[in-house]
Structure formats: structure tokens, C-alpha cells
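One structure is given here, and the rest of the page talks about it.
Next comes the structure, spelled out in C-alpha cells:
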């Protein structure tokens, strides 16, 4: 399942630069376009379910990038616009609920602003296991380094990797058959993100990719998607403070996630 | 410019039913997919700007369907996720700001819940003219009939048409060269929408299409998009109360709007 990452990097690049290949076109079509492309190409038709099966409960987890101001009061309602927040989780849900309207999907967002891996673990029973998701997607890591750089947190890269591994281990154990999606932490080079973050931040990205591989999770290559995007418009167009995506950034994330997850083989 | 409506109806149908034609594929690709399709097909490449030019200021106007809970405090900020609300306006903006990241677009939402055409007119100086939009998109009409059916408003279909004509007349006069988009009012047959609405509601849709034609506006055929959609999932999947779209409904609207506007010739 890991060989989707290289493919996805190429796909994401090609989608943005406008250089199509049949595969890229098929996968980009699956991202946020109508059904017509998938009906047109046998490859795309086979791939059209990807990791998401009819009837699936999908959970998006993480920090503020996932949270995106979601309404906590409605968090128990699946597919609720307010409960999905104003970021990539909302965009993913909107796409899936339209493009797969008859698939009876239930999509939840339990991202919480400011969280690091250990904080996910602390609430994992309520905010993951209890939901009984068929697919769990996690985007976590930027606060693990950011808060450390700010002196607010004494975790290290090793702690991040260890915590993440334990979280996925536990998830697999308590939800047999669960489909895992590990999203690459990313930053844009502007705002709060400065030279102090590097090269250390690259280690967090590598650690996320490593644990994804260990658990057979789909890896969503957000950093390379943004690295290509900044060739078209400056970093602040995608995330004004370098960390929190604009709506353009959120859209790019949703497209990248859908390509990786909808295009992935179960 | 009016011959896009018939094309759009066919396109919307094919996108949803998965039966592609080259034109449908090209236009669906323009809706919410990556750049790769437009680079692949000369037709699509030519059409890729559609009605939207680099540097355009785009204004989305209407009632609660457009409003979708937007944050009033940020309404003067273009491209602001909170100010764009949680509906089709947000989705359109996210697509455009990602797919046309280098186009320097500025997108505003000034929809207000509960409004009818005359209420748009009352605030048109502040909420349209002052923004100096290059492209104005209006979705209005459902309250003109709904409030009438509820006994809260004594306007008629004739008043709706007259008011709408006057509004577009004024817009063209005060914003020479403005590009107009008239969105078809629509309903789903569930929730608050019952037999009392028909056949009268069809008159409102026809009136919107008529004034669109009179002013050379792009007409966005939302009703037919939803008429096809309900073949895949019940009305409530698209708008629980028959009027206010779910996120699936909002996504379908955004895709339909982008096909009509991005595929339209300037």
C-alpha cells in the first residue's frame, strides 16, 4: 500500500502543473470532478472506490488544521457541515457525499486545535474508538515541533515517533480491520515558520512516513503538494502563517487526500 | 451566451450519471478537478478561463443558501473562509483560489438569510456596487415564493420578475462591463417543500431564466442538477428541508456553477 506515495507525489505535481498523464488524469478526476471520468476509463472505474467502501464510517483526526473551527456541539452528527469545520475535512466530506451520494458514508471530524500526538492518545477512546470508524485519517505533528520550538513542550522527534507508533498500534488492536491514513505534516515557508524549524521539521515528516509504512497506512504527501503549489502562488496564498491553510490550501489538501485515498487499493 | 444553459443541463446530467462525452468531460474537469484535464484538451484549455478573468473581483449574492452562516465581521476581506460561509460560495472560492492560484481573484459573499429580490435592491449599493465586482452571481427567489406561501409576503411572480429585471438593469448601468450570472432557484421535494409550491415555483425558475436571457447573463441550471441527483440519493440527502442544501448539495451546486461559469464564453 505504500507505493501509492511515490505515485501520489507525481500525481499531485502533475495535477498542479497541468501536465497530464492517463494515470494522473484518472486520479485527478477522482479527486474533485464528476463521475464522468471514472466511467470513461476502466482503470479509474476499478480504482474509484479506493480505500473507501460503501457504508464506511470515516474519521478525520488531528490538530487545528483538521479542527478548522468545527462546531463541537454537533460533533456526534455525521456529515454535518458545521461539525466538519471550515477546512480540508469539510471539503473531503462535501466531495465524497456528492460524488458517492449512494454510498451511505458517515464522516466525522474530531480534530482539536493545538493538539500533539499524546493529546490524541489521551482522548482516543471517545474521539476515535467509540465512533467505530472503518477508516481513520490522522494529521498530527506540527504542534509537536512548534510547541517545542516555543518552549511550551519538552517532547522530541523520538517521542513523536514513539507516540505515533503506539497510537496506531492501539488503533489497529482496538479496531480490527480498520483502514489507516497517515497524513504528512507540512509547513509553508512564511509566517511563523522560519529557519529554526529546519532541518528538524523534515524529521517529523520522515517519522510520519515511517510509521505509515510500518502499519500499511496510506500516506498522504501534503508537503510535496505544497512544494509544487508555491511555484504557482507564494506560500502565504496557501497558509498565511505557514501552518494554517487558507481555503486554497485546504482545497489542495482535500484534492491530495482524495487522490491518495480514493486512488489507493484497499 | 444563453446557449450555455442547454449545454449545461446535458453536462450536469452526464457528470452525475457518469456518462461522459468529450465536452462533458472537459467541463466536468474544469469544475473541481486539477489542471491536468485542461492542459490535455485544446477545447478545455481555451475554455479554461470561461467567464472569469485574471484579477477579477467576484461577488456571490442571494439569500440563506448563499449566506450559509457567513461571518459578517469579516465580510470586507476577500477570500476569507469565515466570510464565505459554509455553502456553495465557499466551495466555489476554494476551487478557484486553488485551481487559479496565480489569477489574483478576490471573492466575496454578501448573501443574507431570508432575503427576496427587493431586499437585495435595498442594500445593493453597499453589498454590490461598492465592491466594484467584475462578476456578480445572484441566487434569489425561493423566499419570494416561500414567504408568500407562508402569508409573510404579498409579492407575486410578476413582482419577482419585475424586481429582478430592475436589479439587473441597475447593475449593468452602474457597473459597465459587469459579467452577470443568474442562478436558477431550485427546491428538493421534501421538508418544507410540498405540493402547494407547484406549479407556481416553476414560474419563478422560468422568470429567472427569462431575465438571464434578457441581460445576456450566464444561467446556472441548479434545478436540473438536483433533478438528476435525486436519482442517486433521496431529496433529503441534498437538502434536508427541501431548501437549504446539505454539504453534498452545496458541492453539487459549486460543481454546476463552475461548469456553467468556467465553461462559458466571455
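Chains as they are written, first to last, in my numbering: chain A, 571 to 836; chain B, 571 to 836.
Cβ atoms here follow ideal geometry from the backbone N, Cα and C, with glycine treated the same way.
Whole-number beta carbon distance between residue j and residue i, since they are thought to touch under 8 Å
| i | j | result |
| --- | --- | --- |
| residue 780 of chain A | residue 731 of chain A | 7 Å |
| residue 710 of chain A | residue 727 of chain A | At roughly 13 Å, the Cβ-Cβ gap does not stay under 8 Å, so residue 710 of chain A and residue 727 of chain A are not in contact. |
| residue 679 of chain A | residue 626 of chain A | 15 Å between Cβ atoms; not a contact. |
| residue 629 of chain B | residue 682 of chain B | Incorrect: roughly 13 Å between the Cβ atoms, too far for contact. |
| residue 656 of chain A | residue 684 of chain A | About 17 Å; that fails the 8 Å criterion. |
| residue 622 of chain A | residue 831 of chain A | 7 Å |
| residue 820 of chain A | residue 661 of chain A | 6 Å |
| residue 750 of chain A | residue 776 of chain A | In fact, because the Cβ distance is near 18 Å, the residues do not count as touching under 8 Å. |
| residue 792 of chain A | residue 826 of chain A | 6 Å |
| residue 833 of chain A | residue 620 of chain A | 5 Å |
| residue 758 of chain A | residue 699 of chain A | That pair is no contact at about 33 Å. |
| residue 802 of chain B | residue 803 of chain A | That belief does not hold up - the Cβ atoms of residue 802 of chain B and residue 803 of chain A are roughly 35 Å apart, past 8 Å. |
| residue 799 of chain A | residue 822 of chain A | 6 Å |
| residue 624 of chain A | residue 659 of chain A | Rounded, the Cβ-Cβ distance is 20 Å, inconsistent with contact. |
Residues near residue i in its chain [Cβ-Cβ closer than 6 Å; skip 5 each side]
| i | result |
| --- | --- |
| residue 712 of chain A | 755 and 813 |
| residue 843 of chain A | An answer regarding residue 843 of chain A cannot be provided, because it is not within the stretch 571 to 836 covered by chain A. |
| residue 764 of chain A | none |
| residue 811 of chain A | 761 and 762 |
| residue 641 of chain B | 652 and 653 |
| residue 789 of chain B | 575, 752, 779 and 782 |
| residue 612 of chain B | In this prediction, residue 612 of chain B has a pLDDT of 32, which is less than 50 and means its spatial position is unreliable; what the coordinates show is noted afterwards. Same-chain partners within the cutoff: there are none. |
| residue 805 of chain A | 758, 759 and 760 |
| residue 824 of chain B | 658, 661 and 662 |
| residue 697 of chain A | 680 |
CB contact check: residue i to chain B, cutoff 8 Å
| i | result |
| --- | --- |
| residue 809 of chain A | no |
| residue 820 of chain A | yes |
| residue 812 of chain A | no |
| residue 649 of chain A | yes |
| residue 723 of chain A | no |
| residue 640 of chain A | no |
Under 9 Å from the C-beta of residue i: neighbouring residues of chain B
| i | result |
| --- | --- |
| residue 643 of chain A | Correct list: empty, because the minimum Cβ distance to chain B is about 14 Å. |
| residue 678 of chain A | Within chain B, no residue comes near residue 678 of chain A; the closest Cβ sits about 13 Å away, beyond 9 Å. |
| residue 799 of chain A | 668 and 671 |
Cut-off 8 Å between Cβ atoms - residues of its own chain near residue i, not counting five sequence neighbours on either side
| i | result |
| --- | --- |
| residue 649 of chain B | 663, 667, 675, 676 and 677 |
| residue 644 of chain B | 650, 652 and 653 |
| residue 748 of chain B | 703, 704, 705, 706, 741 and 742 |
| residue 736 of chain A | 691 |
| residue 773 of chain B | 727 |
| residue 784 of chain A | 735 and 738 |
Contacts of residue i in chain B (Cβ-Cβ under 8 Å)
| i | result |
| --- | --- |
| residue 802 of chain A | 671 and 672 |
| residue 667 of chain A | 807, 816, 817, 818 and 821 |
| residue 734 of chain A | Within 8 Å Cβ-Cβ: nothing; residue 734 of chain A doesn't reach chain B, min ~28 Å. |
Spatial neighbours of residue i in its chain, beta-carbon cut-off 7 Å, leaving aside the 5 residues before and after
| i | result |
| --- | --- |
| residue 725 of chain B | 686, 714 and 718 |
| residue 646 of chain A | none |
| residue 816 of chain B | 807, 808, 809 and 810 |
| residue 733 of chain B | 687, 688 and 691 |
Within chain A, the residues that residue i reaches when beta carbons sit closer than 8 Å
| i | result |
| --- | --- |
| residue 663 of chain B | 817 |
Residue-level contact to chain A via CB, residue i, 8 Å cutoff
| i | result |
| --- | --- |
| residue 841 of chain B | There is simply no residue 841 of chain B to check, as chain B begins at 571 and stops at 836 in what is shown. |
| residue 698 of chain B | no |
| residue 737 of chain B | no |
| residue 730 of chain B | no |
Check distances from the C-beta atoms of the region 770-788 of chain A to those of chain B and list, in chain order, the residues that come in under 9 Å.
none
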